[in-house]
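Read through the structure below, which is laid out as structure tokens, and then see the notes.
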Amino acid sequence: MLGLPRGAEWIVILVIVVLLFGPGRIGKIAGELGRSIKNFREGLGNKDEQTEKDETQEEKK
Numbered sequence: 000m001l002g003l004p005r006g007a008e009w010i011v012i013l014v015i016v017v018l019l020f021g022p023g024r025i026g027k028i029a030g031e032l033g034r035s036i037k038n039f040r041e042g043l044g045n046k047d048e049q050t051e052k053d054e055t056q057e058e059k060k
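Using numbering that gives the first Met the number 0, you'd call the opening residue of the sequence shown number 0 and step up by one each time.
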């Protein structure tokens, strides 16, 4: 039955990924992914702030 990989299978997958990409490139990819997530969260926060500003402006009218 197919399902999620378990302990030893994850190790094999990680070894294959390191062999394909190399440790340096994996670090760069992880850094870029982290920056992308940070920017996404900041974008969501800015959207919430903009929504609050719009609501307060409507209440003042």
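Heads up, the beta-carbon is just placed ideally off N, CA and C, and yes, glycines get one too. Since the structure is predicted, the reported quantities are computational estimates derived from the model, not experimental observations.
- The three-state reading of DSSP puts Arg-5 in coil, since its state is none of H, G, I, E or B.
- When DSSP states are grouped into helix, strand and coil, Gly-23 belongs to the helix group.
- Only residues of its own chain outside the window of five on either side were considered, and among them Pro-4 have a CB closer than 8 Å to the CB of Ile-12, listed in chain order.
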